[in-house]
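Written below as structure tokens is the structure these notes are about.
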Amino acid sequence: MAYSKEVIEHYEQPRNVGTLDKEDPTVGTGLVGAPACGDVMRLQIKVNPETNVVEDAKFKTFGCGSAIASSSLVTEWVKGKTIDEALTLKNSQIVEELNLPPVKIHCSVLAEDAIKSAIADFRKKQAERNGERKAENAAPAAQPSQGGK
Amino acid sequence: MDPFATLGLPRRYDVDPGELDRRYRELQKALHPDRYTGAGASERRMSLSKAVEVNEAYRVLRDDVKRAEALLALLGPAPGGERETVSSEFLMEAMELREALADAKHARDLSQVQRLAARAEALWAETRRQLAAVFSSLAQSAAPAEVACARALVNQLKYHQRLLDEVSLIREEAEAS
Ligand code: FES
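Residue numbers (the working numbering), protein chains in the order written: chain A, 1191 to 1339; chain B, 423 to 599.
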């Protein structure tokens, strides 16, 4: 099948291929697979927890040219956006930008799912952290009763 | 289309490859255009479209993944459509294997490719075995939970298949260079 010029461009020179530290609390990781073909994609974002702006994005995709182009495009798009803005991204925008034929739609869905799950992962990590902080703040108050034992 | 009916085979996952080939060749011979030279146009057209159907059915039934999908399709449409049915642990392992394979390819480390291939083959065979077991119990009664389980296993088989395809590509490239 012939790829569009946009796909070829991203495919030959993918932007942002790589890995971020998945243990970093400000990094969200999205790992998704395409049941239709058995390909996998990992997309990671580094978010400023104060402003919720995506400062960096990286991906690694084992899939067809369209999937690589879709993830490359998505990482470009989300950089500098807030996570709320990034969440509004639709695979139809990817399809349009890359001129994907109908059989390649599932490849762009993969990229949409990946960014959504990366954001969800970041939020989950932040919520856990905030929970821990609250627990720390609450700890001193609990001490007197412990001393009473 | 029911490929099992097209080839006159029972609807089951474990097909006997010899039997499959034999049925296919018989039908191919019976539908060969040479046998229809004296026939009318509509009859010729029918035999031709039937021959196409036979070829397609054979292609599906020979393939372990496609045959499983054909059986599932006969059980009804998937409830979640094309949604993912594998766990995140499974995906993580799939990703790790693909990454390791890409690294081995890059480093031209053929013995590592070999090890990963062995691992992929073992995973494939194990999933294939489980799938055959689920399908044989589905033949008794199509319990929804088991159908879902079969769908998930087919899904897993595709990831393993994809990895094995990649291994063959790397081997072909290595032989060519
Ligand atoms: S065909 Fe697998 S991701 Fe495009």
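From the three backbone atoms N, C-alpha and C, an ideal C-beta is built for every residue, glycine too. Note that the coordinates shown come from a computational prediction; the quantities given were computed from them, not determined experimentally.
Look at the Cβ atom of residue i, then the Cβ atom of residue j, and state whether they are nearer than 8 Å.
i, j, result
"A:D1246", "A:K1269", "yes"
"A:K1250", "A:T1209", "yes"
"A:V1264", "A:A1301", "yes"
"B:Y581", "A:G1223", "yes"
"A:I1166", "A:H1200", "As shown, chain A starts at 1191 and ends at 1339. That puts residue 1166 of chain A outside it, with no answer to give."
"B:E544", "B:V556", "First, the amino acid is wrong: residue 544 of chain B is Ala here, not Glu. It is not a contact, given that the beta carbons lie outside the stated cut-off."
"B:R484", "B:L442", "yes"
"B:E548", "B:L560", "no"
"B:T507", "A:P1225", "yes"
"B:A394", "B:L586", "Shown here, chain B extends from 423 to 599; a query on residue 394 of chain B therefore has no answer."
"A:S1194", "A:N1289", "yes"
"B:V535", "B:A526", "yes"
"B:Q583", "B:V487", "yes"
"B:R433", "B:L496", "yes"
"B:E465", "B:Y458", "yes"
"B:L532", "B:A574", "no"
"A:L1346", "A:W1267", "Only positions 1191 to 1339 of chain A appear in this structure, which leaves residue 1346 of chain A out of reach."
"A:L1233", "A:A1310", "no"
"B:R520", "A:F1252", "yes"
Relative to the C-alpha of residue i, which candidate in the options has its C-alpha closest?
i, options, result
"A:S1298", "A:E1202, A:C1227, A:T1209", "A:C1227"
"B:M468", "B:A596, B:A452, B:Y480, B:A598", "B:A452"
"B:E588", "B:A492, B:V556, B:L538", "B:L538"
"B:Q578", "B:E511, B:D436, B:A461", "B:E511"
"B:D438", "B:R489, B:L545, B:A570", "B:R489"
"B:R445", "B:R434, B:D436, B:G460, B:T428", "B:T428"
"B:M423", "B:D531, B:A479, B:T459, B:G460", "B:A479"
"B:L509", "A:V1230, A:D1211, A:E1213", "The amino acid at residue 509 of chain B is misidentified as Leu; the sequence shows Ser. Comparing Cα positions, the closest option is A:V1230."
"A:E1275", "A:K1294, A:E1196, A:S1262, A:T1241", "A:T1241"
"B:H576", "B:L553, B:M517, B:L431", "First, the amino acid is wrong: residue 576 of chain B is Val here, not His. Out of B:L553, B:M517, B:L431, B:L553 has the C-alpha closest to the C-alpha of B:V576."
"A:G1218", "A:S1260, A:G1255, A:C1254, A:K1314", "A:K1314"
"A:I1235", "A:V1207, A:L1290, A:F1252", "A:V1207"
"A:V1285", "A:S1260, A:A1325, A:K1212, A:R1232", "A:S1260"
"B:M514", "A:S1262, A:G1220, A:D1311, A:K1280", "A:G1220"
"B:E491", "B:P425, B:D531, B:E594", "B:P425"
"A:Q1316", "A:N1238, A:T1272, A:K1294, A:D1211", "A:N1238"
"A:D1214", "A:E1326, A:A1328, A:N1327, A:R1319", "A:R1319"
"B:E475", "B:Q450, B:A463, B:E594", "B:Q450"
"A:E1196", "A:K1248, A:L1233, A:G1255", "A:G1255"
"A:K1248", "A:T1278, A:E1287, A:R1205", "A:R1205"
"B:W546", "B:A522, B:H454, B:A516, B:H528", "B:A516"
"B:H454", "B:A570, B:N477, B:R550", "B:N477"
"B:P566", "B:A598, B:P499, B:S590, B:E518", "B:P499"
"B:A473", "B:S599, B:A564, B:D456", "B:D456"
Quick check on the DSSP output: the beta strand (DSSP E) that includes residue i runs from which residue to which?
i, result
"A:V1244", "1243-1252"
Considering only DSSP beta bridges, list what residue i is partnered with.
i, result
"A:R1232", "A:L1221, A:K1250"
"A:N1238", "A:V1243"
"B:V437", "For B:V437, which the question treats as bridged, DSSP gives no partner whatsoever."
"A:T1272", "A:V1243"
"A:V1207", "A:F1249"
Could you check where the alpha helix (DSSP H) with residue i kicks off and where it finishes?
i, result
"B:P566", "566-598"
"B:H454", "No alpha helix (DSSP H) contains B:H454, which DSSP labels as neither H nor E."
"B:L513", "510-528"
"A:V1293", "Unbroken run through A:V1293: none, as it is neither H nor E."
"B:S471", "463-484"
"B:T549", "532-560"
"A:L1288", "1281-1288"
"B:P425", "425-428"
"A:Y1201", "1195-1202"
Could you tell me which chain C residues have their CB closer than 7 Å to the CB of residue i, listed as they occur along the chain?
i, result
"B:A547", "Within the model displayed, chain C is absent; protein chains A and B are what it includes."
Got a sec: does ligand 3 put a non-hydrogen atom nearer than 7 Å to the Cβ of residue i?
i, result
"A:K1294", "With respect to ligand 3, the structure shown offers nothing to examine, as its ligands consist of ligand 1."
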